[in-house]
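*Asks:* Residue numbers (the working numbering), protein chains in the order written: chain A, 1 to 670; chain B, 1 to 258. We put the CB at the ideal spot given by N, CA and C, even for glycine.
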Amino acid sequence: MFYFHLAATNLRAHKRIFVPFLLAMTLLTVMNVVMLSAYMDSGALFANNGDGIQAAAQEMFKYGSEVMMIFAVILGTYANSFLLKQRTKQLALYSVIGFGKRELRHMVSAELIICAGISIVCGAVFGAAFSRLSYLALGKMLGMPGHAHFGLDLKPILVSAAVIALIFVLLILIDANWLRKHRPLAMLQAASAGEREPKTRWLMLIIGIITLGAGYAAAIGITDPLGALQWFFIAVILVIVGTYALFIAGSVFIYKLLRKNKHYYYQPAHFINVANMIHRMRQNGAGLASITILATMTLVTIATTITLYLGVPQIVSSSTPADMQYIRATSADKLATGKVTPAQNQAAVAAIAKKHHVTITKRSVATISTGLPIKLGAKRVLAASNKDYAGTFGPAKGLMTADIMTLANYNQMTGQNIQLARSSMLLGTNTNQHRRQLAFGPHVLRVQGTARMPYASKLGGTKNALFVFKDNAVITQVAHALSAKLSKKTLAATLANAQTTVYLELKGSDANQIAMAKEVQHAKIGTLNVQSAAQSRSSVLQWMSAFLFMGILLGIMFILATALILYYKQVSEGLADAKRYKILQQVGLSEREVKATINSQLLTLFYVPLVVAAVHTAVAAPFIQRVLVLFGITNWTQFLTIIGITLLVFAAIYVVMYKATARVYYRIVR
Amino acid sequence: MLEITNLAKTYHTRFGASSVHALTDISFGVEDGEYVAIMGESGSGKSTLLNLIAALDKPTSGSINLNGTELATIPEAKSAKFRREHLGFVFQDFNLLDTFNVQDNIVLPLVLSKTPVAEMAKRVHELTPKLGLDDKLQKFPYELSGGQQQRVAAARALITDPELLLADEPTGALDSRTADELLKLFAQLNAEGQTILMVTHSAVAASHAQRVLFIRDGRIFHQLYRGDLSQDEMLVKISDTMTAMLAKQDDTGAKAVD
């Protein structure tokens, strides 16, 4: 009990370092409660969606919760190590008055137990409140459906409490180990002995340049969406490693270069700063790099999720180009399921549409004989191999899926009456490419015109082509020429089973369109695999709003971490610099000059992470855009605008956090 | 060169409830080329006096005049510049900046005065051999012994060629051998014409000076001229004065009890 009493006194006496620690641990608890609530309630949140999306959403929130927990561990230990460092003097005092290691350990443990109690209780209460609030406000605003318990459930709170309690157990063990290894009294003497000038770490510098260069090169050089997706995480890791290495080693290197330039260095404004920075960067390079990475993560996460959320219409139109499509299985088709005729099918669908107050504005019917993965060259077409897809820098250029259609089916689809010779073809692509003639093995065909693709998906990640040939005989010949593996026999079987798909453009409310789609699917009128854009819009919207919800939560977390690191950095630097500025004043620096020096130093430390984060984000932007193309978002300017706005908002928040923490610094230095 | 008349400094507690008279009434002068030591126990007001002369603090009343400049007339913004250009400081705990090497610590006041780089190099080149620092310019403070660090601090104080060198307990953190070396250095500097004002409570340190002022309870209690005395004889005289001063203190203490 004695130790708890003592610990409580300590907490009160050292508010300046304990309050932010408690705040951080409480907020970590809150964020864990929110994330876990989202995870455990994701079933209810996505009740209206298919099993696949429910599972995926659950997976995503699970991933989010895990990220939160890892973050809590990292930030918790970071804050704790800061706490220890700042308290060396106090612990030394206790050992002077006769506290042994055991007593110190008891005292520190008691402090942490009190902190754990406060953080967990406050975290649970605020966590529940914030969960409920974030669900009601954000969730509803974003159109997240369902009647979730969100924030009313006990389970997420208990799990978060357990996680935070475990982190505190870890901290108690870390502190005990620290006390076992160090003698606070000796540490105190060592701290006042001055520190050695940091050496330029050449190896780290070189590693930093290489990794950052490689990360940037990957981001800029990989122009293919699938390749971008493959390389994204590797590039992220390269850039993170590079940032840390360059902040730690590169900054010392640059400041040492500046010091060598005597006319620059021996200026009142530069003199003190350059020397301070060389020493400072060793302690702070890692802190600054962390701030940079967190800022970049915030920017990227929030900008990307907002873009996805706002891009829902684009995503839907690229995956479901028409308002509704289904595979026709009437008596005229190979996949016939009953005796329904195409006319009956059309009439039945129209009747269902009418019943649901939906008007069909356009209808196209496409019969695609087969699809082949190909490489479209300038003059020839080659069959794509597995190797083309698995290239180091993503799939090979010109790789696309070619839909192959007979002229008869094409004329039927477009209502035209085009004539083709056996040696001619029509070519259509969704990438707007044109050729005069194309060679398929030994067969050279003249491209007579551009094939229209009224049904084609605009999904940017997959390039599509449409080849129209005179008849099945030409198709067989050409396909066999492309790949000897495609025997004429299998080709014939495939061609005989060509599917017919009906594409409908509709007018009517989303709810009505969804109801219509459901009925079309279930009525026995020769329809298979009905897809509705309205249905997909609704599920994509839920999916993306979940993304955005998580993006914002993670963003808040990253910002919190940034604030915490900023604060601790200011306090520890303020304590280290206080003596320096006092000496400078005695030697003949006026208070105003001291303040100007501090300002310029703080501003450098303030701007550098923000500027580097902006550069990282700018380099990542085209890269992310390429990944977004896979979702069907091809609107560059929109993405850039969102990134710009996010950057501005983040910069504003950062300035506020900086101002608040700089005040602490000034107060200490004074 | 330095003329101090009727100097007083009173500190008030935060709400003005009570006040402490650090200095009550101090008057003395320092001649060009003189080496003056000010002695007194802790709390006698000697550090306050030094802070006032250094324009780090403002007196409650009285005046300090350095070579014709009344310190009270220097505006706040210019006082740092004045300090830099006219005074040199040596402190008990050296007060070197650990982020600078020896050379940069020495030229610090020159950089603040925007001295050209060539001029700086010239002055460092002239001054450092005298202090035995010419081979240590690239070292950092943590690599030096206490005596060496104090010599760096002295070099920093002398690099501006100050009219007055102020030393606050300069031997306080040194062992007796290095303290002796430093005091010899001060004596040598004084012999070359440097005016020095040193505050100390060490009789040995004070015995190197030409004149010793004794401060007690914010007043000048006594002063001793060295004249032709050897350093040891001076030390004896100082010790006697200290004993007398302490005896009187006991007297007043006893009176207070009465």
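Return the CA-CA distance between A:Val587 and A:Ala129, expressed in angstroms with no decimal places.
*Replies:* Looking up residue 587 of chain A in the first sequence gives position 587. Looking up residue 129 of chain A in the first sequence gives position 129. Answer to the nearest angstrom: the Cα atoms are 55 Å apart.
*Asks:* Return yes when the Cβ of A:Ala620 is within less than 9 Å of the Cβ of A:Ala298, no when it is not.
*Replies:* Sequence index remark: in the first sequence, residue 298 of chain A carries index 298 (1-based). Sequence index remark: in the first sequence, residue 620 of chain A carries index 620 (1-based). The question names Ala, yet the displayed sequence has Thr at residue 298 of chain A. Result no, Cβ atoms of A:Thr298 and A:Ala620 do not sit closer than 9 Å.
*Asks:* Quick check on DSSP: helix, strand or coil for B:His222?
*Replies:* The sequence position of residue 222 of chain B within the second sequence is 222, counting from 1. In the structure shown, B:His222 sits in a strand (DSSP, three-state: E or B).
*Asks:* Listed from N- to C-terminal order along the chain, which residues in the stretch 60 to 82 of chain B have their beta-carbon within a distance smaller than 9 Å of any beta-carbon of chain A?
*Replies:* Glu76, Ala77, Lys78, Ser79, Ala80, Lys81, Phe82
*Asks:* Can you tell me whether A:Arg626 is buried or exposed, with buried defined as 16 or more other CB within 10 angstroms of its CB?
*Replies:* Within the first sequence, the letter at position 626 stands for residue 626 of chain A. Buried, by the Cβ-count rule.
*Asks:* Should A:Ala41 go down as buried or exposed, given a rule of 16 or more other Cβ atoms within 10 Å for buried?
*Replies:* Here residue 41 of chain A is taken as the residue at index 41 of the first sequence, counted from 1. The residue you asked about is not Ala; residue 41 of chain A is Asp in the sequence shown. Flag for A:Asp41 reads buried.
*Asks:* To the nearest whole angstrom, what separates the beta carbons of A:Thr431 and A:Lys463, a pair I think is in contact under 8 Å?
*Replies:* By one-based count along the first sequence, residue 431 of chain A stands at place 431. By one-based count along the first sequence, residue 463 of chain A stands at place 463. Right, their Cβ atoms sit about 5 Å apart.
*Asks:* With a cut-off of 9 Å, does the C-beta of A:Pro156 fall near any C-beta of chain B?
*Replies:* Start at 1 with the first residue of the first sequence, and residue 156 of chain A comes out as number 156. With 9 Å as the cut-off, A:Pro156 does not count as an interface residue toward chain B.
*Asks:* Cutting at 6 Å between CB atoms, please list the residues of its own chain near A:Ile352, excluding the five before and the five after it.
*Replies:* Residue mapping note: residue 352 of chain A aligns to position 352 of the first sequence, counting from 1. Non-local C-beta neighbours of A:Ile352 in its own chain, meaning closer than 6 Å and more than five positions away in sequence, comprise Met516, Glu519, Val520, ordered along the chain.
*Asks:* Which residue's Cα is closest to the Cα of A:Val468: A:Ile404, A:Gln314, A:Ala511?
*Replies:* By 1-based counting over the first sequence, the position of residue 468 of chain A is 468. Comparing Cα positions, the closest option is A:Ile404.
*Asks:* Output needed in chain order: residues of the stretch 621 to 650 of chain A with a Cβ under 7 Å from some Cβ in chain B.
*Replies:* none
*Asks:* Helix, strand or coil: how does DSSP classify A:Gln419 here?
*Replies:* Locating residue 419 of chain A in the first sequence gives position 419, where the first residue counts as 1. Looking at A:Gln419 - three-state DSSP - the assignment turns out to be coil, as it is neither helix nor strand.
*Asks:* Check whether the stretch 163 to 178 of chain A touches the stretch 109 to 128 of chain A, taking contact to mean three or more Cβ pairs, one atom from each stretch, closer than 8 Å.
*Replies:* yes
*Asks:* So with CB distances below 9 Å, who are the chain B contacts of A:Pro268?
*Replies:* Working through the first sequence from its first residue, we reach residue 268 of chain A at position 268. Under the 9 Å cutoff, chain B gives Val111, Leu112, Ser113, Lys114.
*Asks:* According to DSSP, is A:Thr661 part of a helix, a strand, or is it coil?
*Replies:* For the purposes of this step, residue 661 of chain A is identified with residue 661 of the first sequence, where counting begins at 1. In the structure shown, A:Thr661 sits in a helix (DSSP, three-state: H, G or I).
*Asks:* Quick one: what does DSSP say A:Asn680 is sitting in, helix, strand or coil?
*Replies:* The question about residue 680 of chain A has no answer, for chain A in this structure spans 1 to 670.
*Asks:* Could you name the residues of chain B that A:Ser251 contacts, counting a contact when the two beta carbons are closer than 7 Å?
*Replies:* Start at 1 with the first residue of the first sequence, and residue 251 of chain A comes out as number 251. What A:Ser251 touches in chain B: nothing, since even the nearest Cβ is about 14 Å away.
*Asks:* Could you name the residues of the same chain whose beta carbon sits closer than 8 Å to that of B:Leu7, not counting the 5 residues immediately before and after it, in chain order?
*Replies:* By 1-based counting over the second sequence, the position of residue 7 of chain B is 7. Answer for B:Leu7: Leu23, Asp25, Ile26, Ser27, Leu49, Leu52, Pro59, Ser61, Gly62, Ser63, Ile64, listed in chain order.
*Asks:* Kindly say whether B:Asn190, judged by its beta-carbon, lies nearer than 9 Å to any beta-carbon of chain A.
*Replies:* On the second sequence, residue 190 of chain B is found 190 positions in, with the first residue counted as 1. B:Asn190 does not count as touching chain A.
*Asks:* Excluding the 5 residues flanking B:Ile215 on each side, which residues of the same chain have their C-beta closer than 8 Å to its C-beta?
*Replies:* The sequence position of residue 215 of chain B within the second sequence is 215, counting from 1. Here the set comprises Ile26, Ile38, Met39, Gly40, Ser44, Gly45, Lys46, Leu49, Phe221.
*Asks:* Reducing DSSP to helix, strand and coil, say where A:Asn635 ends up.
*Replies:* Translated into positions along the first sequence, residue 635 of chain A becomes position 635. A:Asn635 falls in the coil class under three-state DSSP.
*Asks:* Please report the distance separating the alpha-carbon of A:Leu504 from that of A:Ala534.
*Replies:* Residue 504 of chain A sits at position 504 when you count from the first residue of the first sequence. Residue 534 of chain A sits at position 534 when you count from the first residue of the first sequence. One C-alpha to the other measures close to 12 Å.
*Asks:* DSSP state of B:Asp168, grouped into three classes?
*Replies:* As a first step, residue 168 of chain B is located in the second sequence; it is residue number 168 there, counting from the start. It is a strand residue.
*Asks:* Could you name each continuous alpha helix (DSSP H) segment of 4 residues or more that falls completely within the stretch 65 to 123 of chain A, going from the start of the chain to the end?
*Replies:* 88 to 96
*Asks:* Using a Cβ cut-off of 9 Å (strictly closer), state whether B:Leu96 contacts chain A.
*Replies:* As a working mapping, residue 96 of chain B is identified with position 96 in the second sequence. At least one chain A Cβ lies under 9 Å of B:Leu96.
*Asks:* Relative to the C-alpha of A:Asp510, which candidate in A:Ala479, A:Val358, A:Met69, A:Pro454 has its C-alpha closest?
*Replies:* Here residue 510 of chain A refers to the residue found at position 510 of the first sequence. When each option's Cα is compared against that of A:Asp510, the closest is A:Val358.
*Asks:* Is it buried or exposed, A:Ile74, if we count other Cβ atoms within 10 angstroms and call 16 or more buried?
*Replies:* The residue labelled residue 74 of chain A in the question sits at position 74 within the first sequence. Exposed is the call here.
*Asks:* Where does the unbroken beta strand (DSSP E) through B:Ser19 begin, and where does it stop?
*Replies:* What you label residue 19 of chain B is simply residue 19 of the second sequence in a count that begins at 1. It spans 19 to 30 - the beta strand (DSSP E) in which B:Ser19 sits, taken as one unbroken run.
*Asks:* Is the number of C-beta pairs between the stretch 314 to 322 of chain A and the stretch 628 to 641 of chain A that are closer than 8 Å three or more?
*Replies:* yes
*Asks:* Just the chain A side, please: which residues come within less than 7 Å of B:Met120 by C-beta, in chain order?
*Replies:* Looking up residue 120 of chain B in the second sequence gives position 120. Under the 7 Å cutoff, chain A gives Tyr266.
*Asks:* To the nearest angstrom, how far is the alpha carbon of B:Thr241 from that of B:Leu164?
*Replies:* The sequence position of residue 241 of chain B within the second sequence is 241, counting from 1. The sequence position of residue 164 of chain B within the second sequence is 164, counting from 1. Taking the straight line joining both Cα atoms gives about 27 Å.
*Asks:* Do we get a CB-CB distance below 9 Å when we pair B:Arg84 with the residues of chain A?
*Replies:* Numbered from its first residue, the second sequence carries residue 84 of chain B at position 84. Yes, B:Arg84 counts as interfacial toward chain A.
*Asks:* Pick helix, strand or coil for B:Met242, following the three-state DSSP scheme.
*Replies:* What you label residue 242 of chain B is simply residue 242 of the second sequence in a count that begins at 1. If DSSP states are grouped into helix, strand and coil, B:Met242 belongs with the helices.
*Asks:* Quick one: does B:Ala54 have its CB under 9 Å from some CB of chain A?
*Replies:* One-based indexing of the second sequence puts residue 54 of chain B at position 54. Yes - at least one Cβ of chain A is within 9 Å of the one on B:Ala54.
*Asks:* Are B:Asn95 and B:Ala153 closer than 9 Å when you measure CB to CB?
*Replies:* Here residue 95 of chain B corresponds to residue number 95 of the second sequence, with the count starting at 1. Here residue 153 of chain B corresponds to residue number 153 of the second sequence, with the count starting at 1. Yes; because the gap between Cβ atoms is below 9 Å, this pair is in contact.
*Asks:* Using a C-beta to C-beta distance shorter than 9 Å, which residues of chain A count as neighbours of B:Arg156?
*Replies:* The count along the second sequence starts at 1 and reaches residue 156 of chain B at position 156. Simply Val587.
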